[in-house]
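Visitor: Heads up: the sequence shown at position 156 corresponds to 156 in this note's numbering, and the numbers run straight through without jumps.
Backbone N, C-alpha and C fix where the C-beta goes; we use that ideal spot for every residue, glycine too.
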Amino acid sequence: MTKFKLRRNLLKFLESRPAVPANYTQDTETGGSIEAKYMATGGHEVSTYEEPALQGFSKYTIYYPTELETADEKYPVIVVCNGSGTPISKYLSIPEHFASWGFIVIGTEEEYDWSGFSAEMCIRHLQKFNDNEKIGENEKELAYNLEWEYDATLVDIPILLIAGAGAGDDWVITGEQLQNIYSDIDSNKVMLRRKDTSHNETLYAANGYVAAWFMWHLQGDDEAAKAFLQ
């Protein structure tokens with residue numbers, strides 16, 4: 001086999017490799033009982049559905065509580081998107097995790113959701129099915145990858161800011177940068193840096209807190225709120 005073929009096969013392997021471990025909810029170390037509770041799988045059985053989209057992002061992928069198919073209930077929505085070349089198909093264990101806590105979770109194959117277009121299309125796609133008053137967004141590093149001039153003072157909804165602190169500072173979002181963003185926001189906000197965690201691992205390693213944040217703000221879960229109010 002030539003060196004060219006070896007490189008090509010290696011690239012194909014790297015492109016197809018999941019960005020998030022399938023069993024991260026079981027294997028990620030947690031630091032307290034509330035984080036551990038929401039890092040674990042929730043109590044809802046989960047189903048998934050895909051629908052083609054006549055857009056550059058190929059299709060919508062939706063994870064949802066299975067009882068939605070028969071129950072006359074409304075569920076809050078989480079839109080997932082990523083700014084670092086990572087379509088939803090590379091981190092399916094995340095929407096599955098959130099859906100197990102009673103959320104409809106939707107994302108696309110968009111790799112660089114810099115404009116928010118695919119996120120907006122996800123919301124529009126679900127409007128005909130679901131109450132759209134309670135929608136959360138889980139996104140990662142959009143502004144950084146585009147060198148986007150963003151204005152954090154315009155944020156007027158509750159927001160959870162997360163960065164890693166592995167073997168030093170997060171090279172994408174340093175502690176100082178995170179603090180500056182936090183200081184510019186006037187709305188309900190929480191900032192956290194996860195110890196011994198690389199930047200890429202923040203996509204899933206802090207999801208005990210992410211799930212608790214959504215449970216608090218989108219489902220009114222008082223127990224989840226204790227993770228941030230104690």
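Can you list, in chain order, the stretches of the beta strand (DSSP E) that have 3 or more residues and sit fully within the region 142-227?
Guide: Counting only runs of 3 or more, we get 159-165 and 189-195.
Visitor: How do the region 66-81 and the region 50-57 stand: do at least 3 beta-carbon pairs fall below 8 Å, yes or no?
Guide: No contact exists between the region 66-81 and the region 50-57.
Visitor: At which residues does the alpha helix (DSSP H) containing Ile34 begin and terminate?
Guide: Here the alpha helix (DSSP H) through Ile34 covers Ser33 to Met39.
Visitor: Residue range of the alpha helix (DSSP H) that Pro95 falls in?
Guide: Unbroken alpha helix (DSSP H) run through Pro95: Ser93 to Ala99.
Visitor: Can you tell me whether Asp240 is buried or exposed, with buried defined as 16 or more other CB within 10 angstroms of its CB?
Guide: The first residue shown for the chain is 1 and the last is 230, placing residue 240 beyond what the model contains.
Visitor: From Trp216 to Ile159, what does the alpha carbon distance come to, in whole angstroms?
Guide: Spanning the two alpha carbons is a distance of roughly 12 Å.
Visitor: By Cβ distance, which residues of its chain are closer than 6 Å to Tyr144, with the 5 residues on each side in sequence left out?
Guide: At Tyr144 the pLDDT is 43, less than 50, meaning the model places this residue with poor confidence; the figure from the coordinates comes in the next sentence. Excluding residues within five positions, the ones whose Cβ falls inside 6 Å are Val172.
Visitor: Is it a yes or a no for the region 41-49 touching the region 121-130, going by three-plus beta-carbon pairs under 8 Å?
Guide: The region 41-49 is not in contact with the region 121-130.
Visitor: Can you check the region 35-94 for any beta strand (DSSP E) of at least 3 residues that lies completely inside it and give the ranges in chain order?
Guide: Within the region 35-94, the complete beta strand (DSSP E) runs of at least 3 residues are 46-52, 59-65 and 77-82.
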